[in-house]
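Quick mapping for you: the protein sequence lines, in order, are chains A and B. Residue 1 is where the first sequence starts when you use my numbering, and the numbers rise one by one after that. Residue 1001 is where the second sequence starts when you use my numbering, and the numbers rise one by one after that. As structure tokens, the structure follows; a few thoughts come after it.
Number of protein chains: 2
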Amino acid sequence: MTVDWIAVDWGTTHLRAWLMGGGEAVCLRSDKGMGGLAPDEFEPALLELVADRITGSTPVIACGMVGARQGWVEARYAKVPCKAPGIAEAIRVPTQDGRLDLRILPGVSQDSPADVMRGEETQIAGFLARDPQFDGVLCLPGTHTKWAHVSAEEIVSFQTVMTGELFALLSTGSVLRHSMGAGWDDEAFADAVGDAMSRPQAIAARLFTLRADSLLHGQTPATARARLSGLLIGLELAATKPYWLGQQVALIGAPDLCQTYATALSAQGLAPTLHSGDDLTLAGLTAAYQTMKDTA
Amino acid sequence: MTVDWIAVDWGTTHLRAWLMGGGEAVCLRSDKGMGGLAPDEFEPALLELVADRITGSTPVIACGMVGARQGWVEARYAKVPCKAPGIAEAIRVPTQDGRLDLRILPGVSQDSPADVMRGEETQIAGFLARDPQFDGVLCLPGTHTKWAHVSAEEIVSFQTVMTGELFALLSTGSVLRHSMGAGWDDEAFADAVGDAMSRPQAIAARLFTLRADSLLHGQTPATARARLSGLLIGLELAATKPYWLGQQVALIGAPDLCQTYATALSAQGLAPTLHSGDDLTLAGLTAAYQTMKDTA
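Here it is in structure tokens:
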């Protein structure tokens, strides 16, 4: 395979590089995420993955936390309302190794309420490259779930909810961890979503009942886990109701997690579509590369 | 000092023993909390603190997680509505060292909503020993804040809110830690309490703004910390409104934390009284000892 260009998704904890050429995409992974690297360690980390696969000058297009202030080089935010940043907004980064012709795509910010994203905007670009007419709401579940209102090919506004990080902290780092285990309970999940949505003001009093129901009533670890997920997703849906109510919603992310959100949203009468986050990251980077080639 | 008896508060992370005699109380501390001990390690841990201070058979009265299923010996919960458990409900625990005449006070449970406490019931007993006529609500802020409705010397119902643990997890273990620092901001705290109380359904969308406001608008670490505290305490007050609304409220715990809660409750028109948690633990254990002596 001749490598025409390299697509890079560089997050806080992971680095992925796709070697692109002849209609193929070969994905390489490393755990050298942006969070553990000093500025001068980014180029070696990338070369470790790709050095023996490239020959001449090779375009590299990257998105994600690599462009944060603590990253390789800062790629400043585009500000909503705006198109998802493309190659025109990318910054070129000088490299030691002359074969790397590197560009980093910026993130997107919002002044009020203050919010930022880095990486998700490229998934949004990928989504809109496939469906430019889409008018509605994109939900990108993850550690920090993003909700974005998209219209006329622009990101109009967006909102971040820390549901994934809260779930991880509570299920592994809090007293609730003693009550959690593998498995799932559909009914408990649905009940908890409904409970949190209808009485979000009571959420602070609900969490500890997950522990107490294990101690007093033999609640199973799978039920406790599904209830915690349901409470937190229900609280998220209560907070983001102005986003999704009466809207067309597309879910973008890991298939299992998207399915969990789809279940919760379906109970609210919505019929969200599901899209692979990995596919759309690559689609967004590819759209940027295509524009670069077309305008070269 | 002749040691008449020993008062013990044995929590998950710490052990405190007060040597009691001749109107004095000498407090000894150890980090051998219940969380790190196997059942046969409790007696040595206690003796390490007190062995060279006692001679003949010495009453020891203990409260806290030492009586949990994973503790020294399980002291089963009393169930609300009930008096705060006293010496009559304590279980005697056999020891290797004949000098220890040990009793552990049980915790309190509630069937629905499921809830449990261990240790706080002894503070409540201490509070009621001083003020038996109290009719109202006790709030015991901490890792797991307890709200207890008390009437006619009984605990009528109670509710646990994990505010302290959430604050610790979010301020030290989440992405928000990058925006937090020492210091405080009274106005930001008050605004955040009001925001969370008036729109609890939006809380899930508020947390990440603490990070974004640092990145985009130069918010100080002290302001971020006060806002996080305010959002979480505001959410707690929204959840516990059925407890405190129109009630006489007494705060029991660490003075700084009680003052923070008092500030938030005062903005709601309440005039809570403040009480040292340590003093009331000792008062509760002392009341148990007194009953034991009086009925001997």
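Just so you know, even glycine gets a beta-carbon here, dropped at the ideal spot from N, CA and C.
Return the first residue and the last residue of the beta strand (DSSP E) that residue i is part of.
i, result
"Cys63/A", "Thr58 to Cys63"
"Pro7/A", "A small fix is needed here, since residue 7/A is Ala in this sequence, not Pro. Element bounds for Ala7/A: Trp5 to Trp10."
"Asp101/A", "Leu100 to Ile104"
"Ala1298/B", "Because chain B spans 1001 through 1296 in this model, residue 1298/B falls outside it and cannot be assessed."
"Arg1092/B", "Ile1091 to Val1093"
Is residue i close to chain B, meaning its C-beta is less than 7 angstroms from at least one C-beta of that chain?
i, result
"Thr13/A", "no"
"Ser179/A", "no"
"Phe208/A", "yes"
"Leu169/A", "yes"
"Ser157/A", "no"
Which partner residues does residue i have in the DSSP bridge list?
i, result
"Lys1146/B", "Leu1140/B and Thr1160/B"
"Asp1115/B", "Gln1110/B"
"Lys1079/B", "Ser1109/B"
"Leu1176/B", "According to DSSP, Leu1176/B bridges with nothing at all."
"Met1020/B", "Trp1005/B and Ala1025/B"
"Ile124/A", "Looking at the DSSP assignment, Ile124/A forms no beta bridge with any residue, so it has no partner."
"Thr1273/B", "Ala1250/B"
"Glu154/A", "Ser151/A"
"Leu1015/B", "Trp1010/B and Ser1030/B"
So which residues on chain A does residue i lean against when the C-beta distance must stay under 8 angstroms?
i, result
"Asp1213/B", "Ala114"
"Ser1030/B", "The contacting residues do not exist; Ser1030/B stays about 22 angstroms from chain A at best."
State the CB to CB distance for the pair residue i and residue j, rounded to an integer number of angstroms; the pair is presumed to be in contact (CB under 8 angstroms).
i, j, result
"Ala1129/B", "Gly1284/B", "7 angstroms"
"Leu216/A", "Ser1109/B", "6 angstroms"
"Pro200/A", "Ala238/A", "4 angstroms"
"Leu1235/B", "Ile1203/B", "5 angstroms"
"Thr240/A", "Ala1196/B", "So it is not a contact: roughly 16 angstroms between Cβ atoms."
"Gln123/A", "Gly277/A", "6 angstroms"
"Leu309/A", "Lys32/A", "Any question about residue 309/A goes unanswered here, given that chain A covers just 1 to 296."
"Leu1105/B", "Arg1092/B", "Not a contact, Cβ separation roughly 12 angstroms."
"Gly35/A", "Thr13/A", "6 angstroms"
Please tell me whether, using a cut-off of 6 angstroms, the distance from the CB of residue i to the nearest non-hydrogen atom of the ligand SAM is below it.
i, result
"Met34/A", "Inclusion of the ligand SAM in the displayed structure is not the case, the ligand content being empty and no account of it being possible."
Under 7 angstroms, Cβ to Cβ, is there at least one residue of chain A near residue i?
i, result
"Gly1033/B", "no"
"Gln1123/B", "no"
"Gln1070/B", "no"
"Leu1257/B", "no"
"Gln1268/B", "no"
Got a sec, what are the start and stop residues for the alpha helix (DSSP H) residue i sits in?
i, result
"Ala1239/B", "Pro1221 to Ala1239"
"Ile1087/B", "Segment: none, Ile1087/B is in no alpha helix (DSSP H) and carries neither H nor E."
"Met1197/B", "Asp1186 to Ser1198"
"Asp213/A", "Thr209 to His217"
"Ile203/A", "Ile203 to Arg206"
"Phe1042/B", "Phe1042 to Val1050"
Can you name the residues of chain B whose CB is closer than 8 angstroms to the CB of residue i?
i, result
"Ile203/A", "Pro1200, Ile1203, Leu1235 and Ala1239"
"Pro173/A", "According to the sequence displayed, residue 173/A carries Gly and not Pro. Chain B residues near Gly173/A: Leu1169 and Gly1173."
"His144/A", "Val1175 and Phe1208"
Could you work out which residues of chain B lie near residue i, taking near to mean beta carbons separated by less than 7 angstroms?
i, result
"His217/A", "Ala1114"
"Gly164/A", "Going along chain B, no residue has its Cβ under 7 angstroms from Gly164/A, so there is no contact; the nearest lies around 11 angstroms."
"Thr160/A", "Phe1208"
Which residues in chain A sit within 9 angstroms of residue i, going by Cβ to Cβ distance?
i, result
"Ser1109/B", "Ala212, Leu215 and Leu216"
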